[in-house]
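See below for the structure under consideration.
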Amino acid sequence: MSGASGHGVEERPDDSVRAALARDEALLAAIADGDGNAFESLVRLHLDAIHAYLFRLTGSRADAEDLAQETFLRVWQKAGNYQSGRVKVTTWLHTIAHRLAIDGFRKKRELPDSKAPEVIDPQADPAARQAASEQQRLLDQALSALPERQRAAILLCQVQGFSNAQAAEILGVKVRALESLLARARKALRESLSQLGVLMAETGGGTGGRI
Amino acid sequence: MAELAGAFETIMDTNMDLSTFNDLLDRHGPALDTWPEALRRDAEVLLSTSSEAADALADAQTLANLLAAMPDAPAPSHLAGRILSKATAADTEDPWQRLLDWLGGRLWRPVLAAGLPLAFGFAVGMVQLPSAEEDAYLAADVGLMAFSPTYAELADEE
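From first to last, the protein sequence lines are chains A and B.
For the first sequence, the numbering used here gives the first residue as 262, with consecutive numbering after it.
For the second sequence, the numbering used here gives the first residue as 132, with consecutive numbering after it.
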């Protein structure tokens, strides 16, 4: 996840993590008292991470923008509901974002475990698409083909940087269930990418070579 | 020498087979230092002897690297401003609702704590208890009942 500056005196990772957590909790407390400046600070700190998760989850830039907006409006209204020490602020933010995305899927009459309706948004920045390697394009394709809960699990743990326990909290499942989702997602991605020649064959034989 | 060979075999023996290793790899990912300690040790033993396990780990690491290298998807530059405007507009357009939300979110507990005893006392006060005069009549009635023949008959029957 974003957050490390990498400049000046080198801090131990734990120190910077603790400092970030303290900062976020202080901001939320101020937001609960109606502090607009604190809200702006929180938005600017976490909007990119929330937007990125929603974009990769939904496959739609427009949906990601709307959901990210709604996520932070909920934060503005419900900051007083955050319980310090129970979960990290980033976990709480992603929980709100994820549940709004699920509601969005349901409203579109998609089953929770249905596959994404499209590959990554064709409106995506052409320059960014050009810069992406062929491997990344194939990965995007494979990710889009995953059922939504598996996609969410793999994004949270492997891209957004959450632990299994934090990701389970966000998805509202037990850790064991989250690990099952991860296992199915990794297996499906491995099979897809093996067939596309990105990875070596699955263990036990097969075709394909590593790019 | 035979003892050494036996010890070596014991050391290299692992309870983890390839299928189990692959399942754990899918559940926990390729970063073995995040695995439960006992499983990590068994996995390392298997990896030292199994090229298939090593290939599976390499593939898992390749996948993890691809996922970690996904291009950033930053929010568009206008989105933060749009969010802040919406939050401000919500405050401006419906101040009463905002006040109710704030009261509901912040004050319901102390209000409830103060209000319940008050409500209880009010309810008790609404019950019409007999006045002192009424008490006297009631006592007289009871007394008459106690000494009435009917009551006496009943008492004998008990």
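Ideal Cβ positions, reconstructed from N, Cα and C, are used throughout, including at glycine.
Under the three-state reduction of DSSP output, B/P248 falls in the helix class.
Nearest CB-CB separation between A/D364 and chain B: not below the 8 Å threshold. Under the 8 Å criterion on CB atoms, A/H312 is classed as interfacial with respect to chain B. The three-state secondary structure of A/P408, taken from DSSP, is strand. Of all alpha-carbon atoms in A/S405, A/Q330, A/N342, the one lying nearest the alpha-carbon of B/S208 is that of A/Q330.
Between B/A184 and B/L194, the C-beta spacing is not below 8 Å. Put simply, the CB of A/V436 is far from chain B, with every gap to its CB atoms at 8 Å or more. Within chain A, the residues whose beta carbon sits less than 7 Å from that of B/R213 are Q330, listed in sequence order. Burial is judged here by how many other beta carbons sit within 10 angstroms of a residue's own beta carbon; B/L156 has at least 16 and is buried.
Here A/R317 has L416 as same chain residues with Cβ atoms under 6 Å from its own Cβ, once five neighbours each way along the sequence are excluded. For B/A204, the secondary structure class from DSSP, reduced to helix, strand or coil, is coil. When CB distances to chain A are screened at a threshold of 9 Å, the residues of the region 192-208 of chain B falling below it are T193, L194, A195, L197, L198, A199, A200, M201, P202, D203, A204, P205, A206, P207, in chain order. With contacts defined as CB atoms closer than 8 Å, A/A428 and A/A414 qualify as a contacting pair. Taking the Cβ atoms as the reference, A/A299 lies roughly 5 Å from A/I292, within the contact range of under 8 Å. Contact between A/E440 and B/R213 is absent: CB atoms are separated by about 38 Å, not below the 8 Å threshold. At a cut-off of 8 Å between beta carbons, A/W353 makes no contact with chain B. Residue-level contact check: A/R305 touches chain B, since one or more beta carbons of chain B fall below 8 Å from its beta carbon. A Cβ-Cβ separation of about 7 Å places B/L210 in contact with A/H312 under the 8 Å criterion.
Neighbourhood of A/F316 in chain B, by CB distance below 7 Å: A204, in chain order. By the neighbour-count criterion, in which 16 or more other beta carbons inside 10 Å mark a residue as buried, A/E326 falls on the buried side. Distances from the CA of A/L315 to each of A/D294, A/D364, A/A287 were compared; the closest alpha carbon is that of A/D364. Against chain A, the beta carbon of B/A218 has neighbours under 8 Å at G297, F300, F333, L334, W337, listed in chain order.
Your pair A/A403 and A/S453 checks out as a contact, with CB atoms roughly 4 Å apart and the cut at 8 Å.
Per DSSP, the unbroken alpha helix (DSSP H) holding A/D324 starts and ends at 322-339.
A distance of 8 Å or more separates the beta carbons of A/L361 and A/T319. The continuous alpha helix (DSSP H) containing A/K368 extends over residues 350-368.
Annotation: Cβ neighbours of A/A444 in chain B (cutoff 8 Å, chain order): D154, D157, R158.
For A/G295, the secondary structure class from DSSP, reduced to helix, strand or coil, is coil.
The residue from A/D275, A/E301, A/G458 with its alpha-carbon nearest to that of A/L400 is A/G458.
Residue contact check for B/L210 against chain A: a CB pair falls below 8 Å.
Collapsing the DSSP output to three states places A/A280 in a helix.
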